[in-house]
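Chemist:
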Amino acid sequence: MAKYLVIVESPAKVKTIKKFLGSNYEVVASNGHVRDLPKSTMGIDMENDYEPKYITIRGKGDKLAELRRYAKKADKVYLATDPDREGEAISWHLSIALKLDPKKTYRITFNEITKQAVKESLKHPRDIEMGLVDAQQARRVLDRMVGYSISPLLWMKIKRGLSAGRVQSVALKMLCDREDEINAFIPKEYWDMDAVLKHKNKEFTVSFYGDNKGKLEITGKEQLDGIVKELKDGEFTVKDIKKGSRTRKAPIPFTTSTLQQEASKALNFSTQKTMRIAQQLYEGVDIKGRGTIGLITYLRTDSTRVSETAEVQVKEFIESKYGDSYMAKEINSKKSNKKIQDAHEAIRPTDVNLMPEEVKDQLPRDLFRLYQLIWRRFVASRMENSVYETTNVKVNAGKYIFNASTSKLDFDGFMKVYTDSDNEKVVTNNTIAKLEKDSKLEFEKFEENQHFTQPPAHFTEAALVKAMEEQGIGRPSTYAPTITTIIARRYVTREKKNLYVTELGEAVNNVMKTEFSVIVDTQFTANMESLLDAVEEGTIEWKTVIRNFYPDLKEQVENAEKNLEKIDIADEESDEICEECGRRMVIKYGPHGKFLACPGFPECRNTKPYLEKIGVPCPKCGKDVLLKKTKKGRRYYGCIDNPECDFMSWQKPSAEKCPQCGGYMVEKGNKLACADPQCGYVTELKKEKQAN
1 MAKYLVIVES PAKVKTIKKF LGSNYEVVAS NGHVRDLPKS TMGIDMENDY
51 EPKYITIRGK GDKLAELRRY AKKADKVYLA TDPDREGEAI SWHLSIALKL
101 DPKKTYRITF NEITKQAVKE SLKHPRDIEM GLVDAQQARR VLDRMVGYSI
151 SPLLWMKIKR GLSAGRVQSV ALKMLCDRED EINAFIPKEY WDMDAVLKHK
201 NKEFTVSFYG DNKGKLEITG KEQLDGIVKE LKDGEFTVKD IKKGSRTRKA
251 PIPFTTSTLQ QEASKALNFS TQKTMRIAQQ LYEGVDIKGR GTIGLITYLR
301 TDSTRVSETA EVQVKEFIES KYGDSYMAKE INSKKSNKKI QDAHEAIRPT
351 DVNLMPEEVK DQLPRDLFRL YQLIWRRFVA SRMENSVYET TNVKVNAGKY
401 IFNASTSKLD FDGFMKVYTD SDNEKVVTNN TIAKLEKDSK LEFEKFEENQ
451 HFTQPPAHFT EAALVKAMEE QGIGRPSTYA PTITTIIARR YVTREKKNLY
501 VTELGEAVNN VMKTEFSVIV DTQFTANMES LLDAVEEGTI EWKTVIRNFY
551 PDLKEQVENA EKNLEKIDIA DEESDEICEE CGRRMVIKYG PHGKFLACPG
601 FPECRNTKPY LEKIGVPCPK CGKDVLLKKT KKGRRYYGCI DNPECDFMSW
651 QKPSAEKCPQ CGGYMVEKGN KLACADPQCG YVTELKKEKQ AN
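Position one of the sequence shown corresponds to residue 1 (the UniProt record's numbering), numbered consecutively onward.
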């Protein structure tokens, strides 16, 4: 009969840990949380100092009964849930739900599921850390208050069962703000010019920099032609040569955020997919000759710290595999102003000697690719920087200056094992490297290229995670669920990695900005995260955070209810007549936006797509332009006569013609711009249109 009981969260860990501990230990899984706030009500006792009303999660009764039977027979119970706030809270809920005897109940944590780590944790059992539990309770209660207070208002405003969230609403606002920037962006013309030159019959290219006064930007063809005219009979001479070296620093190990970003760029994984695969690598994979072992350390972390044991192991590996010259003399680190949750390490392989090539045939493709990425990044982080030899050449032509540069890899360093997706392309040109000062160069030709400045890029999942981390919004465990939620709610759609706000998302964001500006304020959300950190440290009592937060939220909700009562929320009538009963059809909102429905429901159930005319004739055929949506919910403008007429625009077209070229104009924020960037005509949007 087993004397000791170990309770973990996931069934996937049971087999791995059981193998490490032997017959004296019984290992069972709780399958995540066993208690939570009820779904049907707020679940918080406002009259009793905001005390949470926890209940057993539906369907967990049998699991709790099973755990009680095991606990009753055990001499000691070890709660071995994940090493973070969520895991600590699960252990606390288990101790209460199972009515465990404090004298025989212990909390253990391990950062990796290996025999050494698990056995070591049993030597250092501790009590449940209530700072971690209270920080999780505070987050849960705050999120419940926001969600259950504001969501009914969104229902009233937009007429469907939508939801708001403390972090998800801020993330949505970040996406909407970026969309506004893109829509308001006015492109500016600029040109670049290269000169193709020869030295000793070898061709190379130099780029226009400016004149004797400094850097010069070429903003139009007329200006460019003037420069070319001046240079026509000019002499090209090497004025200055600088040789040097440039160091590319080795990367730091992965945190949750940087893993999600790099997996998105390098492997095309969504944040959700990255976390799911990393969870499998952490919990244990069957490896021939080793059995089931965890291949990486814990996956939710913002620390770049590495244990002493791992440091020694990776140093020995690098020295034996690549030689002493590749071993880093100094470890690179990243400076950060925000608080780091340093309870566990960076994400790294549990055994650096288990090279990706050795497990390639034993892992599914995606697991192998992510393991390889983590392994390479960790090994590279303990290797020397790479070094380039550089040559920068300045070429004079009259009063104008051209530049050229070339690089040659002198020492590959960490690049022996790892190059990330942001690695710059190195241009090597031996002719440039061999030039001498005052050399006369032969002119061959000019190469001229017209460009237009580009608007800010749409957020990708990776870029949004980076922005959230930089602004202190959320924590490692919340990035992926937040993005998953706003996509699942259809507030945002994903197309070719880019995230686009849907009409539904815009409507929700407008309500949140108007009625709950504090909730969606990035600084407020970041400060709230800092308060949760203080709760974890024990410097603030968790209910103090709630006491200071809820009265303000309640006041905002009450004010919003008053404002919303003044809004006419009756169904808007359309000009469309129902073919089945003759009533005038009304505009309703669904998960994908607006649609037309017969007001005679349920007697008449006729519905059809809502074709919203914007009052502008099609620039191609003169028929009506409609506001449309892609299959994924992104808004655009297209001709009513599609597919016969293929006109479409992402920006709202105007009925006004461009006075400069006669083309059609589009609205960009408070500006009206010619749709043809080469024309470049821009004017202020009339105030009555801005109001609309």
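Just so you know, even glycine gets a beta-carbon here, dropped at the ideal spot from N, CA and C.
Source: prediction; values computed, not measured.
How long is the line joining the alpha carbons of Y4 and P125, rounded to whole angstroms?
Modeler: The sequence position of residue 4 within the sequence shown is 4, counting from 1. The sequence position of residue 125 within the sequence shown is 125, counting from 1. Each residue's Cα considered, the two are about 13 Å apart.
Chemist: Distance check for L162 and V511, CA to CA, integer angstroms please.
Modeler: By 1-based counting over the sequence shown, the position of residue 511 is 511. By 1-based counting over the sequence shown, the position of residue 162 is 162. Cα to Cα, V511 sits roughly 12 Å from L162.
Chemist: What residue range is occupied by the uninterrupted beta strand (DSSP E) comprising S386?
Modeler: Stepping through the sequence shown from its first residue, residue 386 is reached at position 386. Taken as a continuous stretch (DSSP letters only), the beta strand (DSSP E) holding S386 covers S386 to A397.
Chemist: Could you give the C-beta distance for Q372 and I287, rounded to a whole number, given that I count them as a contact under 8 Å?
Modeler: What you label residue 372 is simply residue 372 of the sequence shown in a count that begins at 1. What you label residue 287 is simply residue 287 of the sequence shown in a count that begins at 1. Rounded, the Cβ-Cβ distance is 15 Å, inconsistent with contact.
Chemist: Closer than 8 Å by C-beta to Y282: which residues in its own chain qualify, once you throw out the five before and the five after it? Chain order, please.
Modeler: Here residue 282 refers to the residue found at position 282 when the sequence shown is read from its first residue. Contacts found: E112, I113, G294, L295, I296, T297, Y298 and L299.
Chemist: Confirm, please, whether the CB-CB distance from S333 to T304 is below 8 Å.
Modeler: To locate residue 304, count along the sequence shown from 1; it is residue 304. To locate residue 333, count along the sequence shown from 1; it is residue 333. For T304 and S333, yes; Cβs fall inside 8 Å.
Chemist: What does G446 pair with, by DSSP beta-bridge criteria?
Modeler: Here residue 446 corresponds to residue number 446 of the sequence shown, with the count starting at 1. Residue 446 is actually Phe in this sequence, not Gly. Note: F446 sits in a beta bridge opposite A195.
Chemist: What beta strand (DSSP E) runs, 3 residues minimum, are completely inside the segment 437-481?
Modeler: Segments of the beta strand (DSSP E) lying fully in the segment 437-481: 440-452.
Chemist: Cα-Cα, which of L354, Q272 and N403 is closest to T237?
Modeler: On the sequence shown, residue 237 is found 237 positions in, with the first residue counted as 1. Selected option, being the one with the closest Cα: N403.
Chemist: Report the residue from N606, S320, K562 and N563 whose alpha carbon sits nearest the alpha carbon of I577.
Modeler: For the purposes of this step, residue 577 is taken as the residue at position 577 of the sequence shown. Measuring from the Cα of I577, the nearest candidate turns out to be N606.
Chemist: Along the chain, which unbroken stretches of the beta strand (DSSP E) at least 3 residues long are found entirely within the segment 56-107?
Modeler: With a minimum length of 3 residues, the continuous beta strand (DSSP E) runs that stay inside the segment 56-107 are 76-79 and 105-107.
Chemist: What residue does the beta strand (DSSP E) around G538 start on, and which one ends it?
Modeler: For the purposes of this step, residue 538 is identified with residue 538 of the sequence shown, where counting begins at 1. Careful: G538 lies outside any beta strand (DSSP E) and carries neither H nor E.
Chemist: Are V492 and L175 closer than 8 Å when you measure CB to CB?
Modeler: Against the sequence shown, residue 492 aligns to sequence position 492. Against the sequence shown, residue 175 aligns to sequence position 175. For V492 and L175, yes; Cβs fall inside 8 Å.
Chemist: If you check the beta carbons only, do Y479 and T219 fall under 8 Å apart?
Modeler: Indexing the sequence shown from 1 puts residue 479 at position 479. Indexing the sequence shown from 1 puts residue 219 at position 219. In this structure, T219 does not lie closer than 8 Å to Y479 by Cβ.
Chemist: Given a threshold of 16 other Cβ atoms within 10 Å of its Cβ, counted over all protein chains shown, does I7 qualify as buried or as exposed?
Modeler: On the sequence shown, residue 7 is found 7 positions in, with the first residue counted as 1. Counting Cβ neighbours within 10 Å, I7 comes out buried, since at least 16 surround it.
Chemist: Take Q556 as the anchor and find which of K39, D62 and S149 has the nearest alpha-carbon.
Modeler: Residue mapping note: residue 556 aligns to position 556 of the sequence shown, counting from 1. Nearest C-alpha to Q556: S149.
Chemist: Taking V170 as the reference, give the member of A675, N548, T485 and M130 with the closest Cα.
Modeler: Counting from one through the sequence shown, the residue named residue 170 turns up at place 170. Among A675, N548, T485 and M130, the Cα nearest to that of V170 is on T485.
Chemist: Tell me the DSSP secondary structure of Y418 in three-state form.
Modeler: For this step, residue 418 is matched to residue 418 along the sequence shown. Of the three classes helix, strand and coil, the one that applies to Y418 here is coil, per DSSP.
Chemist: For E189, which option in R348, Q678 and E9 has the closest C-alpha, if you only look at C-alpha atoms?
Modeler: Here residue 189 refers to the residue found at position 189 when the sequence shown is read from its first residue. Taking only the C-alpha atoms, the option nearest E189 is Q678.
Chemist: DSSP three-state label for E684, please.
Modeler: As a working note, residue 684 is residue 684 in the sequence shown. If DSSP states are grouped into helix, strand and coil, E684 belongs with the strands.
Chemist: Pick helix, strand or coil for A507, following the three-state DSSP scheme.
Modeler: By one-based count along the sequence shown, residue 507 stands at place 507. In the structure shown, A507 sits in a helix (DSSP, three-state: H, G or I).
Chemist: What three-state label does DSSP hand K338 in the structure shown?
Modeler: Walking along the sequence shown from the start, residue 338 turns up at place 338. Legend: pLDDT at K338 = 49, less than 50; position of this residue unreliable, value from coordinates given subsequently. Three-state result, K338: coil.
Chemist: Considering just the uninterrupted stretch of the alpha helix (DSSP H) at M275, what are its terminal residues?
Modeler: Numbered from 1 along the sequence shown, position 275 holds the residue referred to as residue 275. Taken as a continuous stretch (DSSP letters only), the alpha helix (DSSP H) holding M275 covers T271 to E283.
Chemist: Name the DSSP bridge partner or partners of T406?
Modeler: As a working mapping, residue 406 is identified with position 406 in the sequence shown. Answer by DSSP bridge pairing, in chain order: T391.
Chemist: When you compare the segment 181-195 with the segment 452-465, are there three or more beta-carbon pairs, one atom per stretch, that lie closer than 8 Å?
Modeler: They touch, by the three-pair rule.
Chemist: For L142, which option in P52, E684, G226 and M415 has the closest C-alpha, if you only look at C-alpha atoms?
Modeler: For the purposes of this step, residue 142 is identified with residue 142 of the sequence shown, where counting begins at 1. Selected option, being the one with the closest Cα: P52.
Chemist: DSSP beta-bridge partners for N498?
Modeler: Counting from 1 along the sequence shown, the entry for residue 498 is found at position 498. N498 pairs with T460 and E495.
Chemist: Spatial neighbours of residue 693 within its chain, please: C-beta separation below 6 Å, excluding the five flanking residues on both sides.
Modeler: With the chain running from 1 to 692 in the structure shown, residue 693 is simply not present.
Chemist: So, does the segment 366-386 touch the segment 345-352, judging by three or more C-beta pairs under 8 Å?
Modeler: Taking 8 Å as the limit for Cβ pairs, the verdict is that the segment 345-352 does touch the segment 366-386.
Chemist: Considering only residues of the segment 545-615, which uninterrupted beta strand (DSSP E) runs meet the minimum length of 3 residues and lie entirely inside it, listed in chain order?
Modeler: Within the segment 545-615, the complete beta strand (DSSP E) runs of at least 3 residues are 572-577, 584-590, 593-597 and 607-609.
Chemist: From the DSSP output, in three-state form, read off L21 for me.
Modeler: As a working note, residue 21 is residue 21 in the sequence shown. Correct three-state label for L21: helix.
Chemist: Tell me the DSSP secondary structure of S207 in three-state form.
Modeler: What you label residue 207 is simply residue 207 of the sequence shown in a count that begins at 1. In the structure shown, S207 sits in a strand (DSSP, three-state: E or B).
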